[in-house]
Every structure is written in structure tokens, then in C-alpha cells.
Amino acid sequence: MVKRERLMLPKPRSSFLLIQCSNCSNEQVVFSNATMLVKCNGCGAPIAQNTGGRVKILGTLLKRLD
Ligand SMILES: [Zn+2]
């Protein structure tokens, strides 16, 4: 039998994060499974970076949009 415990995960693996750039205060929605460096639309500063499956927030995380 195949184990079904994966179906019991409380949250999906992916979600969207609202991140504020620490450089120019621009607010931007970032996909949590982003596969590369995410840059601010306002000033170009990096606001999120993928670190082997998990996104590292470089700006300020305002909220999570599931
Ligand atoms: Zn910015």
C-alpha cells in the first residue's frame, strides 16, 4: 500500500509572499518557490533568493498570501 501521509500536509508547498523592499519600500508579491533571484520592480535590489527549495527573504515579509 502507498502511504497517504503526504496528503495530510497542512499547507501546499507553494504560496505567495508580500515582500517590501528594504531599499525603496516598494511592495511586491513573490512566489515562494521562485527558482532564482527576485529583484525589486522599483529599484532592482534583490528582495528574495532561492536557497535550495526554500525562498530566503531579503526584504521585509509583510504577509503570506496562501
Ligand atoms: Zn526597491
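Convert by adding 530 to the 1-based position in the sequence shown; the result is the number in my numbering.
The C-beta atom is built at its ideal place from N, Cα and C for all residues, glycine as well.
Owing to the predicted nature of the structure, the values given are computational and were not obtained by experimental measurement.
Local conformation of I564 per DSSP, three classes: As written in the sequence, residue 564 is Ala, which differs from the Ile given in the question. Coil at A564, not helix or strand.
Below 8 Å, is the gap between the Cβ of I587 and the nearest heavy atom of ligand 1? no
If you draw a straight line from the C-alpha of T581 to the C-alpha of S555, how long is it? 23 Å
Any idea if G574 is buried or exposed, counting beta-carbon neighbours within 10 angstroms, 16 or more meaning buried? exposed
Check your reading: residues with Cβ closer than 5 Å to ligand 3 heavy atoms: In the structure shown, ligand 3 is absent; the only ligands present are ligand 1.
Would you list the residues sitting across from A578 in a DSSP beta bridge? V568, I587
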